[in-house]
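Numbering follows this note's numbering, with no gaps: position 224 of the sequence shown is 562. Quick notes on the structure that follows.
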Amino acid sequence: MNKILPKIIVLAGSTGVGKTKISIDIAKAIGGEIICADSVQVYKDCTIGSNKVTAEERNNVPHHLMDIAELKESYNVKKYFHDASIAIRQVLSRGNVPIIVGGCGFYIQSLLRGIPQEAPIDDNDRIQIPKFEEYLKTKGWDYTIEKLYKEDPESAKLIQRNDFRRAAKSLYIVSNKGFKFSSLLEKDKISIADKYDFRAFYITAPKTYLFDALNYRCEEMITKGLIKEVAELLGKGLTKNDYPSQSIGYRETIEILTRPLSQKLTIADVKAYLSEFQSSNRNYSRRQSTWFKRLPEVQWVNGNPLPYTGIISKASWFTNPDVSKLNITLPYWETIETTNDIMNRFNKTRDRFEKDRDLELEKLLKMTDEHSSRYVHTNMIFKGENELSKLLFLIENARSHLSKIKPELFLNTTSNNRNKLDFEDG
C-alpha cells in the first residue's frame, strides 16, 4: 500500500494569467498558505516592477518568501530551495496546505525534481567567475548565449536573457573544469520530491488574450508608480549589475532613466521604451511556456479568460498625480472555473489525479504558441500623443531628480580596460 503523502499545490504561469486570484481563492477554500516562487518578488523594495501582491489582494491569506532578500544579495535557486523547504514544513505543521505560486521555472523545478550538489569550484574560481561575467557583459548577450549554446546547449536552454551571472558560471566551468555544468543537473541531487505529493499546474490561455493582458500589465505598472520605484531604488544604490536590475521592467526603465543627460528624450524614445518593455514581457512568457513543457509532471489548465469591460482609474506616478489620472478599459479574467477545476483535481487520490488527466486537451493548450507570431498589439493606456507626453514628462522629472542625488549614474562607465579581459578567444 502506497504511503499517503502531504499534498502541495503548485501554480505556475506567466504574469497576467490569473495566478494571484486563483491561488488566494484556493487558499481561502482549503486553508492554504502561499509560498512565493518568483525570483524578483523575493527582493525587498521591488514591489511594482515584480507585480508583488498587495496587502488588500492577499485577503488575510499568509504569504511567504516575499521581501526576504536585500537588493545587493545574490539570491539563487539553492537559497530558494532551502527557504521553500522550511516554509513548506512550517505550513504543514500548522495543518494548512502549502500553495507554491510563481513563474520562475528554476525555483519550481527545484521543488519538483531537486537541485544538484554544489559545483566543484574553489576559491580562485569564485574570484575569476565574476571577472569573467564582467568580460561577457562587454561582449554582449548575443555573443554570450551563442557561445554557451556551442559549449553547453542544455545549460543555455535554462538561462534567461541577460542572466550573465549564470551564463558566466556555466561557460567558466566548461572551459576550465573539463565538464559541462548541465551534467551536474541530473545526478547527486538534493530533493524533497519523495516527501510530498506535488499537484503541479501550469495556467495558460489563448495567446491573444494573454498577450493583451501582458501588454496592459506593463502599462499598468507604470501608472502604479514603476518610474518612481526605479528612481528610488537607484537613489538607494541599486546598480545595473544587481540582479533586480536585470529583470523585466526594471532593466528597460533603468536604461531610459540613465541615458546621458545631453540626450533629449522624445516621444519616439518613450514609444520604444514601452515597446521593448512589452516585447520582453511577451518573450519571457514564451520562455516560461517552453520551460514547463519540459516537465511532464505539470498539468496544463486553461485560464478561462472571459471578456468584461470595467473602468479603472490609476494615479500613482512620480510627480503631480493629477496629470496621470487615466480612465481605461481592460479585459477581466474570470477565474472561477479554473479555480474549481484545480481544487477538484487536488481532492482526488494520487492515482485518480494522474489517470483522469486529459492529455489531448493539454496538447491543444500547449499548441497555442504557434499563433503568437501573428499577434499585433496596441497600447490600452498610452495610446495617444497626450498620454505619451505625460509619460515623457514623468521620465524627464525622474531623470532630473536622479541627476541631483546620483549624478554618477549618468557618467559613461564603458571601459576598454584590458586588465579584466583575460578571457578573449584564441
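We treat Cβ as the ideally placed atom computed from N, Cα and C, and that holds for glycine. Since we're looking at a predicted model, the values are computed, not measured.
- When only Cα atoms are considered, Phe691 and Ile453 end up about 25 Å apart.
- In this structure Ser352 is buried. Its beta-carbon is surrounded by 16 or more other beta-carbon atoms within 10 angstroms.
- Gly641 counts as buried, since at least 16 other C-beta atoms from the protein chains shown sit within 10 angstroms of its C-beta.
- Secondary-structure assignment with DSSP links Cys374 through a beta bridge to Val439.
- Assignment of Ala551 by DSSP, reduced to helix, strand and coil, places it in the helix class.
- In this structure the stretch 392-401 does not lie against the stretch 575-592, because fewer than three pairs of beta carbons, one per stretch, are closer than 8 Å.
- If you draw a straight line from the Cα of Lys728 to the Cα of Ala551, it comes to about 22 Å.
- In the assembly as shown, Asp363 is a buried residue. Its beta-carbon has 16 or more other beta-carbons within 10 Å.
- Rounded to whole angstroms, Ala425 and Glu590 show a C-alpha spacing of 33 Å.
- A buried status is given to Gln626, since no fewer than 16 other beta-carbon atoms sit within 10 Å of its beta-carbon.
- Residue environment: Gly356 is assigned as buried (16 or more neighbouring CB atoms within 10 Å of its CB, all protein chains considered).
- Within 10 angstroms of the beta-carbon of Gly563 lie 16 or more other beta-carbons, which makes it buried.
- Asp689 and Leu349 have their C-alpha atoms some 20 Å from each other.
- With fewer than 16 other Cβ atoms inside 10 Å of its own Cβ, Asp696 counts as exposed.
- For Tyr473, the enclosing alpha helix (DSSP H) begins and ends at 461-477.
- Going by C-alpha positions, Asp376 is about 17 Å away from Asn500.
- Secondary structure remark: continuous alpha helix (DSSP H) runs of at least 4 residues inside the stretch 376-439, in chain order: 393-396, 415-431.
- Asp580 sits in coil when the DSSP states are folded into three classes, being neither helix nor strand.
- In the displayed model, Arg537 falls within a strand according to three-state DSSP.
- Residue pairing by DSSP puts Pro454 in a beta bridge opposite Lys527.
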